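Q: Chains as they are written, first to last, in full-length UniProt numbering: chain H, 1 to 200; chain F, 1 to 200.
Glycine residues also receive a C-beta, built at the ideal position from the N, C-alpha and C atoms.
Computed from a predicted model, the values in this text were never measured in an experiment.
Structure in structure tokens, see below.
Protein chains: 2
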Amino acid sequence: MVPRALVLIADGTEEMEFTITYDTLVRGGVSTVSAFVQDVSSGVLNSEQPPSATCSRGIRILPDVYFDLAQCGPDMYDLLVIPGGAKGAETMSKHPSVQELVRRYIERNKLVAMICAGSLAAKSAKLARQPLTSHPSVKAELEQDFDYSEDAVVVSDNLITSRGPGTAFQFALTLVEMLCGSEIRERVRGPMVFPQNTPF
Amino acid sequence: MVPRALVLIADGTEEMEFTITYDTLVRGGVSTVSAFVQDVSSGVLNSEQPPSATCSRGIRILPDVYFDLAQCGPDMYDLLVIPGGAKGAETMSKHPSVQELVRRYIERNKLVAMICAGSLAAKSAKLARQPLTSHPSVKAELEQDFDYSEDAVVVSDNLITSRGPGTAFQFALTLVEMLCGSEIRERVRGPMVFPQNTPF
Chain H
1 MVPRALVLIA DGTEEMEFTI TYDTLVRGGV STVSAFVQDV SSGVLNSEQP
51 PSATCSRGIR ILPDVYFDLA QCGPDMYDLL VIPGGAKGAE TMSKHPSVQE
101 LVRRYIERNK LVAMICAGSL AAKSAKLARQ PLTSHPSVKA ELEQDFDYSE
151 DAVVVSDNLI TSRGPGTAFQ FALTLVEMLC GSEIRERVRG PMVFPQNTPF
Chain F
1 MVPRALVLIA DGTEEMEFTI TYDTLVRGGV STVSAFVQDV SSGVLNSEQP
51 PSATCSRGIR ILPDVYFDLA QCGPDMYDLL VIPGGAKGAE TMSKHPSVQE
101 LVRRYIERNK LVAMICAGSL AAKSAKLARQ PLTSHPSVKA ELEQDFDYSE
151 DAVVVSDNLI TSRGPGTAFQ FALTLVEMLC GSEIRERVRG PMVFPQNTPF
């Protein structure tokens, strides 16, 4: 069975975190789908086909599908990814269906991965206290409710968290290893040509 | 004056290399435009508005404009970037107007930056022998005509080359430093949260 991953995206998503994770999963042979989460707080819903996301530094990406709780559950995918970017992460973490999705993946023992401000979804979904990291800019919002770490990638059972664009490769390679094994991780890592002495 | 950068994109461009470079330049305050290069060898030209590029691992990106030699010259921009991805780099390096553009930027002493298979454009544009690097997969096509290096980033006057997705952050930060100075480079680098002991 080919592992399957769902990567959320919204207006304001950090495009490097989204792209590094999605691309690295595809390199690992993971069947990967991006789903566009609408900002429900605006009251104005988009119905463009395909949807388009304007990311945090202006790159516009066409997601594969619209996010829909019924189509995105843990029966469909092995991994749920929530990238950062302040505005995109706010849209996702405040979205009631994303909160429900996070809880369902955790309960079904599927992987949930959050990076940068994406870690705010661990709080809004009311996950249990456990080790977690995030972008330093949202540490103050998380350190009361979690065992806050400053490691580049934190694996706490099936919750994987990371810090920012600079840790996104290590985050993505960790996800490939957890889904596909360490041999595939090394096969993916080599052709990416990291500088000598890269610490992962 | 705000520095200006033009980043080329085509079907098959490596989306991490494109996105890391574009996003990092924007973080540095560089006015950055992406231009879609059509595969002229196919004989079928696209005229979608906006154009869309299907990148090497399936991420679809909406470029800002179509590439047009008259609108993309060294009077308009301070930096030209040619990302990798085998198919995208082939489209760019074989495109006569891209070859002409590379020569014009070099002659006008503007910056030209190539990463991964994008370095093939240095050969197709017939640049002078000088230090250069590329993805290892295209080393054999370049080592006769250039002083081939395996450094992560090679700066040879105004030609900057690099190796792959794993060296893209170091490449992009080098471009920010050359356009905006070392203080801005450090201001951009900090919030990206690289792992401890990252070698750049």
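Does any CB atom of chain A fall closer than 8 angstroms to the CB of T167 (chain F)?
A: Chain labels in this structure do not include chain A; the protein chains are H and F.
Q: Just to check my reading of the structure: A113 (chain F) and V81 (chain F) have Cβ atoms closer than 8 angstroms, yes? What is that Cβ distance to the nearest angstrom?
A: By 1-based counting over the second sequence, the position of residue 113 (chain F) is 113. By 1-based counting over the second sequence, the position of residue 81 (chain F) is 81. The Cβ separation is near 5 angstroms, so the contact holds.
Q: Please confirm whether S52 (chain H) has its beta-carbon closer than 8 angstroms to some beta-carbon of chain F.
A: What you label residue 52 (chain H) is simply residue 52 of the first sequence in a count that begins at 1. Judged by the 8 angstroms Cβ criterion, S52 (chain H) is in contact with chain F.
Q: If I measure Cβ to Cβ from C180 (chain F) and keep anything under 8 angstroms in the same chain, skipping five residues before and after, which residues do I get?
A: Within the second sequence, numbered from 1, the residue matching residue 180 (chain F) stands at position 180. Result list for C180 (chain F): P3, G28, G29 and V30, in chain order.
Q: Counting contacts by CB-CB distance shorter than 8 angstroms, is residue 206 (chain H) in contact with chain F?
A: Nothing about residue 206 (chain H) can be read from this structure; chain H reaches only from 1 to 200.
Q: Determine, using beta-carbon pairs with one atom in the stretch 115–130 of chain F and one in the stretch 155–162 of chain F, whether at least three such pairs fall under 8 angstroms.
A: yes
Q: Any chance the stretch 100–116 of chain H sits against the stretch 167–178 of chain H, with 3 or more Cβ pairs inside 8 angstroms?
A: yes
Q: Check the Cβ of A152 (chain F) against every Cβ in chain H and list those closer than 9 angstroms, keeping chain order.
A: Residue mapping note: residue 152 (chain F) aligns to position 152 of the second sequence, counting from 1. Simply V193, F194, P195 and Q196.
Q: Go to T174 (chain F), then tell me how far its alpha helix (DSSP H) extends in each direction, as first and last residue.
A: Mapped onto the second sequence, residue 174 (chain F) falls at position 174. It spans A168 to C180 - the alpha helix (DSSP H) in which T174 (chain F) sits, taken as one unbroken run.
Q: Starting from M16 (chain F) and walking both ways along the alpha helix (DSSP H), at which residues does that stretch end?
A: As a working mapping, residue 16 (chain F) is identified with position 16 in the second sequence. Run containing M16 (chain F): E15 to R27, per the alpha helix (DSSP H) assignment.
Q: When Cβ atoms are compared, which residues of the stretch 14–37 of chain H fall closer than 7 angstroms to chain F?
A: Those would be E15, M16, T19, I20, Y22, D23, V26 and R27, in chain order.
Q: For a contact meaning CB atoms closer than 8 angstroms, what does R129 (chain F) contact in chain H?
A: Here residue 129 (chain F) is taken as the residue at index 129 of the second sequence, counted from 1. Correct list: empty, because the minimum Cβ distance to chain H is about 23 angstroms.
Q: By the DSSP assignment, the beta strand (DSSP E) with S31 (chain F) in it spans what residues?
A: As a working mapping, residue 31 (chain F) is identified with position 31 in the second sequence. Taken as a continuous stretch (DSSP letters only), the beta strand (DSSP E) holding S31 (chain F) covers S31 to F36.
Q: Between the stretch 50–63 of chain H and the stretch 94–112 of chain H, do three or more beta carbon pairs fall short of 8 angstroms?
A: no
Q: Give me the residue from H:N197, H:G85 and H:E90 with the minimum Cα distance to R163 (chain H).
A: Along the first sequence, one-based indexing puts residue 163 (chain H) at 163. With distances taken between Cα atoms, R163 (chain H) lies closest to H:G85.
Q: Helix, strand or coil: how does DSSP classify T54 (chain H) here?
A: For this step, residue 54 (chain H) is matched to residue 54 along the first sequence. Strand, per DSSP.
Q: Just the chain F side, please: which residues come within less than 7 angstroms of F200 (chain H) by C-beta, in chain order?
A: Taking the first sequence and counting its residues from 1, the one referred to as residue 200 (chain H) is at position 200. Within chain F, the residues near F200 (chain H) are P195.
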